Amino acid sequence: MLAARRHLFGAENVDPGTGAVSRGQAIVSWFGISSFAAALNGHVVLLDAFIQYRTERPGYVPTSVDELIALRPEAIFLGHGHGDHGELVSRIAGATCAVLVGTPENCAQFDAGVKALYGDERSLQCVTVTEEGSATGQVVEIDAFRPDICITAFRHVHSDAVPPDPDRVPNIPLFLPDPGSYIVHPPGTPPYDTATGLSGDEGGSLLFQFRMHDFAVVWNDTVGPAKEAAPDLFARMREIPPTDVMLGAILGFNIFTNGFRDAAMYAEAIQPQVFIPNHHDFIAPDGAQDDWQATFQRDLDGIPADVRPELRWIVNPTDYVRPSLLHFNIDDPRWAKGDPERPDGRCG
1381 MLAARRHLFG
1391 AENVDPGTGA
1401 VSRGQAIVSW
1411 FGISSFAAAL
1421 NGHVVLLDAF
1431 IQYRTERPGY
1441 VPTSVDELIA
1451 LRPEAIFLGH
1461 GHGDHGELVS
1471 RIAGATCAVL
1481 VGTPENCAQF
1491 DAGVKALYGD
1501 ERSLQCVTVT
1511 EEGSATGQVV
1521 EIDAFRPDIC
1531 ITAFRHVHSD
1541 AVPPDPDRVP
1551 NIPLFLPDPG
1561 SYIVHPPGTP
1571 PYDTATGLSG
1581 DEGGSLLFQF
1591 RMHDFAVVWN
1601 DTVGPAKEAA
1611 PDLFARMREI
1621 PPTDVMLGAI
1631 LGFNIFTNGF
1641 RDAAMYAEAI
1651 QPQVFIPNHH
1661 DFIAPDGAQD
1671 DWQATFQRDL
1681 DGIPADVRPE
1691 LRWIVNPTDY
1701 VRPSLLHFNI
1711 DDPRWAKGDP
1721 ERPDGRCG
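Residue numbers (this note's numbering): 1381 to 1728.
Given below as structure tokens:
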């Protein structure tokens, strides 16, 4: 455990005797698509559980399934159950007894995976966020980590393609893979684990907000055309407590007709101070997404200047497992919301 936590969260942030991670910090290590190892005010969790090119290109991401198990996460928060998000949920949860936080459908889906991997005597521990078949936009408060972390979640819209938006100028990114990555990390065997409970109804997609003192981070692992599919969803986004950092998916099926519009609309509604992209290493996983920064910035520039977030771009494989890159002091004055008694702001 100690070695895994020192690697994923930085040796200086981990107690050498107990392996406890320093409180008062939010430390996040990206390991592919929308998956992050996170130490949130001392609590170790996973956000999704998928290692990009885990077996197809060994060494592409500097972590492993064994290391994520050794991390001993308390919980796995799942945005949705597709293979590139939930492939390792059953394997890690079954080995560590980490609690899955997701939809009721996710719980059934990955409990079957735990049993397939570890036998019928092993069961998945689960905290369900929404009711089965719940409507988009249902806001739920999760009490499992109070008072250290206050958590708000709601079901939102998975990525989908819709016709070009007549209200926006087309802003489509280019796909220019870096051939050097193919030389260093040549393709090999297929990446997916075959016994992880990935089939079945996943129950929709979830967006989470984690609040620690004055600091709040939103994480969403997909981004959909809410303008067309669920326009009331933007009101739900505006109603959650203020957000400081957003780990937001930017890539979706709508990219081919509307570029990064959906991610920019999510950002405009949530209004984070800092926006950090994820899921942009999926279609063009070999360095191409570093060419997308300017394209995405153009969509962000459409947000009014007083609420436009700072863009902190990350690029694979360079920024995989770099805990110093996404390390935030939760009591930094930058995050102060004003009234510490405001119920929709400070946590703890």
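Glycine included, C-beta positions come from ideal geometry on N, C-alpha and C. What you are looking at is a predicted structure, and each value in this text was computed from that prediction instead of being measured.
Of the listed residues E1485, T1435, D1686, nearest to L1468 (C-alpha basis): T1435
Inside the stretch 1678 to 1702 only - alpha helix (DSSP H) runs reaching at least 4 residues: none
Helix, strand or coil at G1459 according to DSSP, with G and I counted as helix: coil
C1727 vs I1529 beta-carbon contact at 8 Å: yes
Beta strand (DSSP E) segment containing R1535, residue limits: 1530 to 1536
Residue burial classification, A1406 (beta-carbon count within 10 angstroms, cutoff 16): buried
Coil, strand or helix - N1709 by DSSP: strand
One or two residues paired with I1552 in a DSSP bridge: Answer is none; I1552 lacks a bridge partner.
Where D1428 falls, given that 16 or more other Cβ within 10 Å makes a residue buried: buried
Beta bridge counterpart(s) of A1450 as assigned by DSSP: Answer is none; A1450 lacks a bridge partner.
Nearest-angstrom Cα separation, counted from A1541 out to S1402: 42 Å
T1637 - DSSP class collapsed to helix/strand/coil: helix
8 Å Cβ cutoff met for T1516 and A1610: yes
Paired residues, beta bridge with F1595 - DSSP: M1592
Cβ-Cβ distance between L1705 and H1660 below 8 Å: no
Length-filtered (3 minimum) beta strand (DSSP E) runs lying within the stretch 1479 to 1531: 1479 to 1482, 1506 to 1508, 1519 to 1522
Contact under 8 Å by Cβ, D1699 with W1410: yes
Nearest residue (CA-CA) to P1453, options E1485, D1612, V1425: V1425
Residue interval of the beta strand (DSSP E) (run including M1626): 1625 to 1629
Backbone CA spacing between T1637 and Q1677 [nearest angstrom]: 17 Å
Selected residue, minimal CA-CA separation from I1449, among A1383, G1461, S1514: A1383
Residues that F1655 bridges to, as DSSP identifies them: M1626, L1691
DSSP state of W1672 mapped onto helix, strand, coil: coil
One or two residues paired with H1423 in a DSSP bridge: L1420
Opening and closing residue of the alpha helix (DSSP H) in which V1469 lies: 1469 to 1476
Spatial distance of D1601 from D1500 (CA atoms): 30 Å
With 16 other Cβ atoms within 10 Å as the buried cut-off, status of F1590: buried
Unbroken beta strand (DSSP E) run spanning A1406, endpoints: 1405 to 1410
Straight-line gap, I1431 to L1613 (C-alpha atoms, nearest Å): 30 Å
Three-state secondary structure assigned by DSSP to V1564: helix
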